[in-house]
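A quick write-up on the structure given underneath.
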Amino acid sequence: MPPLILEGSISVLAALEANRREIQAVYIQKDKSIRGASRIQQTAAERGIQVRPASESEISELAKGNSHGGVLALAGERKFQSLAELLEGKPDPFIVMLEGVEDPYNYGQAIRALYAAGAAGIVVPERNWDTALNTVTRASAGASEYMPTAKSDSVAAITFFKSCGFKIAATAKGKYSVPIYAADLRGPLFMLIGGEKRGLAASALAQCDVLLSIPYARPFEASLDVTSSTAALAFEVMRQRTGH
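Per the working numbering, the very first residue in the sequence shown carries number 119; after that it's consecutive.
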């Protein structure tokens with residue numbers, strides 16, 4: 119397949135530092151002051167990757183958009199971890215599965231919140247998010263490259279994490295749901311978060327140890343979007359585990 123195009127210094131640097139995909143070449147625009155250029159060059163050199171000075175027109179011809187800021191890279195497909203690899207060397211890991219998220223911007227923003235809040239890794243269904251690589255990487259501020267990620271369906275993932283002694287949690291509205299501030303979210307935790315349209319399958323919800331809800335300050339029928347709900351959930355987990 120043709121190489122993927124990563125655009126922008128944040129995305130390119132994240133891909134270089136995370137080392138989760140092959141980088142064939144990096145292009146940096148000549149005669150342009152680019153923030154982070156020296157770090158990109160140093161990291162590329164450490165990985166033995168060529169950095170090519172290029173004109174603005176050369177970069178624009180390769181780029182798919184106008185957000186490159188004078189930096190882009192030719193990259194290969196993402197390397198994923200196994201479910202077991204997400205746990206290696208991590209005491210009491212917090213792992214999240216994002217299921218039913220269709221919008222690449224929302225997907226990237228959700229990963230951004232999870233990474234900032236200290237999640238050990240994420241699980242995603244079989245889907246090639248590399249088709250929207252630049253949107254995901256920009257929306258996540260590079261976190262999508264850094265975040266350890268495994269592919270699995272929800273049933274297999276729940277079965278695996280249950281066998282490892284994890285508490286299984288999911289977001290769901292209903293009479294059995296517990297407000298996130300009343301639930302104990304410490305210890306090994308696998309949390310499923312569904313998209314706004316389809317949510318989570320009933321078969322997955324039936325296997326959960328706890329169903330979580332996000333309380334509102336006033337009567338309001340609409341659900342939060344996945345980016346807002348993920349941030350609220352992730353930082354409550356962080357608060358309970360760190361005390362701040």
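Every residue, glycine too, gets a C-beta built ideally from N, C-alpha and C.
*Closer than 8 Å by C-beta to residue 182: which residues in its own chain qualify, once you throw out the five before and the five after it? Chain order, please.*
Spatial neighbours of residue 182 in its own chain (CB-CB distance under 8 Å, excluding positions within 5 residues in sequence) are listed in chain order as 123, 125, 252.
*Ordered along the chain, which non-local residues of its own chain (more than five positions away) have a Cβ less than 6 Å from that of residue 192?*
For residue 192, same chain residues with a beta-carbon under 6 Å away, outside a window of 5 residues either side, are 121, 142, 143 in chain order.
*What span of residues does the alpha helix (DSSP H) with residue 180 cover, start to end?*
Following the DSSP letters along the chain, one finds residue 180 inside the alpha helix (DSSP H) bounded by residues 174-180.
*Of the choices 360, 218, 281, 256, whose alpha-carbon is the least far from that of residue 303?*
The option with the nearest alpha carbon to residue 303 is 360.
*State the DSSP-derived secondary structure class of residue 164, mapped to helix, strand or coil.*
Three-state DSSP puts residue 164 in a helix.
*Given 8 Å as the limit, is there contact between the region 285-293 and the region 158-177, that is, 3 or more CB pairs closer than that?*
These segments do not touch.
*Residue(s) in a DSSP beta bridge with residue 251*: As DSSP reads the structure, residue 251 sits in no beta bridge.
*Please state whether DSSP places residue 171 in a helix, a strand or coil.*
Here residue 171 sits in strand by DSSP.
*Taking the alpha carbon of residue 218 as the point to measure from, which residue in 298, 245, 287, 178 has its own alpha carbon closest?*
Ranking the options by Cα distance to residue 218, first place goes to 245.
*For residue 241, which residues from the same chain have a beta carbon less than 6 Å from its beta carbon, with the 5 sequence-adjacent residues on both sides left out?*
So the list reads 215, 268, 270, 275, once near-sequence residues are dropped.
*Helix or strand or just coil, what does DSSP make of residue 145?*
DSSP places residue 145 within a strand segment (E or B) once states are collapsed to three.
_Need the endpoints of the alpha helix (DSSP H) that residue 226 sits in, please._
That run of the alpha helix (DSSP H) goes 222-234.
*Between residue 136 and residue 264, which are expected to be in contact by the criterion C-beta below 8 Å, what is the C-beta distance as a whole number of angstroms?*
Sure, about 5 Å apart at Cβ, within 8 Å.
*asked:* Could you compute how far the alpha carbon of residue 266 sits from the alpha carbon of residue 202?
replied: So the alpha carbons of these two residues sit roughly 11 Å apart.
*Could you please give the first and the last residue of the uninterrupted beta strand (DSSP E) stretch that includes residue 214?*
Under the DSSP assignment, residue 214 falls in the beta strand (DSSP E) whose first and last residues are 212-217.
*Looking at residue 308 and residue 353, is the spacing between their C-beta atoms short of 8 Å?*
Taking 8 Å as the Cβ cut-off, residue 353 and residue 308 do not qualify as a contacting pair.
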